[in-house]
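Enquirer: In my numbering, the protein residues as written are 1 to 488. Have a look at the structure that comes next, please.
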Amino acid sequence: MDNTLSSLQPQAIWKHFAEICKIPHPSGHLDKITEYIMQFGKSHGLDTYRDEAGNVIIRKPATPGMENRCPVILQGHMDMVPQANGNVKHNFETDPILPRIDGEWVTAQETTLGADNGIGVSAILAVLESDELKHGPIEALFTYDEETGMYGAIGLKPGELQGKILLNTDSEQDGELYISCAGGIDVNVSFRYKEEPYTPQNEVAYKVILEGLHGGHSGVDIHLGRANANKEMFRFLKEVVSAHEARLAFYEGGTLRNAIPREAVAVVTIPVEEKEDFLKTVDIFADTLKHEYGYIEENLLFRAEEANLPLSLIPEPIQDDLINAVVACPNNVYRMIPESPEVVETSSNLAIVKTSGGAIDISILVRSSSESMKMALASSLESVFSLAGARVEFSGAYPGWEPNLESPVLKLMEEIYPKVLGRKPEVKMMHAGLECGIIGSAYPGLDMISFGPTIKHPHSPNEKVEIKTVADFWKLLVAVLENIPEKK
Numbered sequence: 001m002d003n004t005l006s007s008l009q010p011q012a013i014w015k016h017f018a019e020i021c022k023i024p025h026p027s028g029h030l031d032k033i034t035e036y037i038m039q040f041g042k043s044h045g046l047d048t049y050r051d052e053a054g055n056v057i058i059r060k061p062a063t064p065g066m067e068n069r070c071p072v073i074l075q076g077h078m079d080m081v082p083q084a085n086g087n088v089k090h091n092f093e094t095d096p097i098l099p100r101i102d103g104e105w106v107t108a109q110e111t112t113l114g115a116d117n118g119i120g121v122s123a124i125l126a127v128l129e130s131d132e133l134k135h136g137p138i139e140a141l142f143t144y145d146e147e148t149g150m151y152g153a154i155g156l157k158p159g160e161l162q163g164k165i166l167l168n169t170d171s172e173q174d175g176e177l178y179i180s181c182a183g184g185i186d187v188n189v190s191f192r193y194k195e196e197p198y199t200p201q202n203e204v205a206y207k208v209i210l211e212g213l214h215g216g217h218s219g220v221d222i223h224l225g226r227a228n229a230n231k232e233m234f235r236f237l238k239e240v241v242s243a244h245e246a247r248l249a250f251y252e253g254g255t256l257r258n259a260i261p262r263e264a265v266a267v268v269t270i271p272v273e274e275k276e277d278f279l280k281t282v283d284i285f286a287d288t289l290k291h292e293y294g295y296i297e298e299n300l301l302f303r304a305e306e307a308n309l310p311l312s313l314i315p316e317p318i319q320d321d322l323i324n325a326v327v328a329c330p331n332n333v334y335r336m337i338p339e340s341p342e343v344v345e346t347s348s349n350l351a352i353v354k355t356s357g358g359a360i361d362i363s364i365l366v367r368s369s370s371e372s373m374k375m376a377l378a379s380s381l382e383s384v385f386s387l388a389g390a391r392v393e394f395s396g397a398y399p400g401w402e403p404n405l406e407s408p409v410l411k412l413m414e415e416i417y418p419k420v421l422g423r424k425p426e427v428k429m430m431h432a433g434l435e436c437g438i439i440g441s442a443y444p445g446l447d448m449i450s451f452g453p454t455i456k457h458p459h460s461p462n463e464k465v466e467i468k469t470v471a472d473f474w475k476l477l478v479a480v481l482e483n484i485p486e487k488k
């Protein structure tokens, strides 16, 4: 069996995705993928340019007889989330992604795959390339750095686009059409202190490691009850500080603001006489985590290994304030939508905690489809860490996308869906953030919808895309473009 993407259909999408996998494109490092898309547009004789925010915009004229159709914006983001398992040495800035076929899915070799949003981008490229599809005027919008803060969408200027309908390709469940999403805000916490020189007095150091968690997308997967490595590690630290006189020297957990943290490492010192009891506590805590999360986190590992004694410690008052604040920090689902109790309304993700040279930095992402609840939860987090003596700042706020059940493109897709795929779609609201809310704020009245193939475990090395749903996604996209109504 051919285990390469060249064996998959529709080849129009998979050939472009195979090329994208070869091009390093983690958030913040998009020069190569930007140049690839720019050259693609120019080589096909299409109007292609890059705006001030880093977005690439390509315009393709209507096919003959379709000139009077309403102009459509096809939108996806160029960056991918760089996550790899701890045992893998992968430089996302230089190394290609290595996709592989695993039964009915395409996944990668222990790294994120980049199907989020590489499949959507590949579909847009396929539309731009085709000489056979029927469509009206098209603007392809490839946005910059969506995953780290939606900077491309935020920087998109009014008047840059002329399209009246926006098809977002960044949702991740076949059979569903999305008409709204949550907004978000970053809560940035910092402690600053003078490192305390450490003079060992009959003590030993241990590196405590929590790994093997699923992690995942903090919007898509937040309701699944997965363990947050930071929350669980600090729960342990509170216990050993109290019971075994542990002192914290170093901590690192989580890597991305919008990914549930999968791994955490702490270095602590303890009196030598506490060594045996400390190791028993480690084993007991490991058993506790397996009891609490074993069904969800089947690969969870929690252990301690002896380490070199550190040169400095976090001052005890700072250590205690940090531990208490993180243990008290609201995390996970905060509230469901009252009118739709199956959908998460408000959540927070304690994404990153890192110590380095007299600094502790913490990143938390709050999401909500309610602007007031978003700010209420952000304020609660501010209070927790302010009481602990930390500095708290808000940044990166972006609006949600309000649902429009009377959307003309929604009605069109509800009509087309069963004709093309033989089943009715579900109309959904998404807790994850899409760029639609931001773009819609710059272009009031823009008719928007989001759809895509099934992608499981985005933002984690377990990311995979279901092959047959990519074919259905393509069929639907082609049919929608063929049936876009005429301008009014």
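Glycine included, every Cβ here is placed at the ideal spot set by N, Cα and C. Small disclaimer: the values here were computed from a predicted structure and weren't measured.
Among the residues of its own chain, which have a CB less than 8 Å from the CB of Glu406, if the five just before and after it don't count?
Expert: none
Enquirer: Secondary structure at Asn299, three-state DSSP: helix, strand or coil?
Expert: coil
Enquirer: Can you tell me which of Val265, Gly120, Gly183 and Asp47 puts its alpha carbon nearest to the alpha carbon of Gly440?
Expert: Gly183
Enquirer: Return the chain-ordered ranges of every beta strand (DSSP E) run that is complete within the region 260-286 and spans a minimum of 3 residues.
Expert: Taken in chain order, the complete beta strand (DSSP E) segments of 3 residues or longer contained in the region 260-286 are 264-271.
Enquirer: Can you list the alpha helix (DSSP H) stretches of 4 or more residues lying completely in the region 17-84, in chain order?
Expert: 31-43
Enquirer: Report the option in Trp105, Ser379 and Ala479 whose CA atom is closest to the CA atom of Val366.
Expert: Ser379
Enquirer: For the putative contact between Leu481 and Val72, defined by C-beta atoms under 8 Å, what is the C-beta separation to the nearest angstrom?
Expert: 7 Å
Enquirer: Hey, quick one: how far does the alpha helix (DSSP H) through Ala246 stretch, first residue to last?
Expert: Ala246 -> no alpha helix (DSSP H), and no H or E assigned at all.
Enquirer: What does the alpha-carbon distance come out to for the pair Leu477 and Glu435?
Expert: Cα-Cα distance, rounded: 19 Å.
Enquirer: So what does Phe92 bridge to, in DSSP terms?
Expert: Answer is none; Phe92 lacks a bridge partner.
Enquirer: Classify Asp2 as helix, strand or coil using the three-state DSSP reduction.
Expert: Bear in mind that a pLDDT of 45 at Asp2, under 50, signals an unreliable position, so the number given afterwards is only what the model happens to contain. If DSSP states are grouped into helix, strand and coil, Asp2 belongs with coil.
Enquirer: On the DSSP bridge assignment, give the partners of Glu176 in chain order.
Expert: Glu426
Enquirer: Beta-carbon within less than 8 Å of Met413's beta-carbon, same chain only, minus the 5 sequence neighbours each way: which residues are those?
Expert: Leu177, Pro425, Ile449, Phe451, Leu476 and Val480
Enquirer: Consult DSSP for Val220 and reduce its assignment to one of helix, strand or coil.
Expert: coil
Enquirer: Beta-carbon within less than 6 Å of Ser258's beta-carbon, same chain only, minus the 5 sequence neighbours each way: which residues are those?
Expert: Sequence inspection shows Asn at residue 258; the Ser mentioned does not correspond to that position. Closer than 6 Å at the Cβ level, and outside the excluded window around Asn258, lie Ser218 and Leu365.
Enquirer: Could you round the C-beta distance between Leu309 and Ala205 to whole angstroms and report it? I think they count as a contact, below 8 Å.
Expert: 5 Å
Enquirer: From this set, Leu410, Gly136 and Pro82, which residue's C-alpha is nearest His29's C-alpha?
Expert: Selected option, being the one with the closest Cα: Pro82.
Enquirer: Nearest by alpha-carbon distance to Leu300: which of Pro403, Ile209 and His244 is it?
Expert: Ile209
Enquirer: Contact check, Val106 vs Ile467 under 8 Å by CB: the rounded distance?
Expert: Rounded, the Cβ-Cβ distance is 6 Å, consistent with contact.
Enquirer: Give the C-beta separation of Phe385 and Val189 to the nearest angstrom, bearing in mind that I take them to be a contact with Cβ-Cβ under 8 Å.
Expert: Confirmed, Cβ separation roughly 5 Å.
Enquirer: What does the Cβ neighbour count give for Lys487, buried or exposed, with the cut at 16 atoms within 10 Å?
Expert: The residue is exposed, with fewer than 16 neighbouring Cβ atoms inside 10 Å.
Enquirer: Provide the residue span of the beta strand (DSSP E) that contains Ala351, from first to last.
Expert: Ser340 to Thr355
Enquirer: Looking at the structure shown, is Ser7 part of a helix, part of a strand, or coil, going by DSSP?
Expert: Assigned with DSSP and collapsed to three states, Ser7 falls in helix.
Enquirer: Rounded to whole angstroms, what is the Cα-Cα separation between Ala126 and Phe40?
Expert: 11 Å
Enquirer: What do you get for Leu491, buried or exposed, if any count of 16 or more other CB atoms within 10 angstroms of its CB means buried?
Expert: Because the chain spans 1 through 488 in this model, residue 491 falls outside it and cannot be assessed.
Enquirer: Which residues in the same chain have their Cβ closer than 7 Å to the Cβ of Lys290, if we skip the five residues on either side of it in sequence?
Expert: Leu300
Enquirer: Determine the contact status of Ile314 and Tyr193, defining contact as a CB-CB distance below 8 Å.
Expert: yes
Enquirer: May I ask which residues mark the beginning and end of the beta strand (DSSP E) holding Asn168?
Expert: Ile165 to Asn168
Enquirer: In the DSSP assignment, the alpha helix (DSSP H) including Gly491 goes from what residue to what residue?
Expert: Absent from the structure is residue 491, since the part of the chain shown begins at 1 and ends at 488.
Enquirer: Measure from the alpha carbon of Ile270 to the alpha carbon of each residue in Asp320, Ala376, Asn324 and Ala249, then state which is nearest.
Expert: Ala249
Enquirer: Using the Cα positions of Ile352 and Val265, report the straight-line distance between them to the nearest angstrom.
Expert: Looking at the two C-alpha atoms, the distance is approximately 12 Å.
Enquirer: Please classify Met1: is it buried, with 16 or more other beta-carbons within 10 angstroms of its beta-carbon, or exposed?
Expert: Confidence is the limiting factor: at Met1 the pLDDT is only 33, short of 50, which leaves the residue's position unreliable, though a coordinate-based value still follows. That one is exposed.
Enquirer: Using a Cβ-Cβ cutoff of less than 6 Å, which residues in the same chain neighbour Lys354 once the five nearest sequence positions on both sides are dropped?
Expert: Apart from the 5 residues on each side of it in sequence, Lys354 sits with its Cβ closer than 6 Å to the Cβ of Glu252 and Asp361 in its chain, given in chain order.
Enquirer: Just mark Leu224 as buried or exposed, buried being the case when its beta carbon has 16 or more other beta carbons within 10 Å.
Expert: exposed
Enquirer: Looking at the strands, I want to know which residues DSSP matches up with Leu141.
Expert: DSSP, once it has assigned bridges, lists Ile57 and Gln75 as partnering Leu141.
Enquirer: Closest to Ile185 by CA distance: which of Pro261, Val420, Met78 and Glu393 is it?
Expert: Glu393
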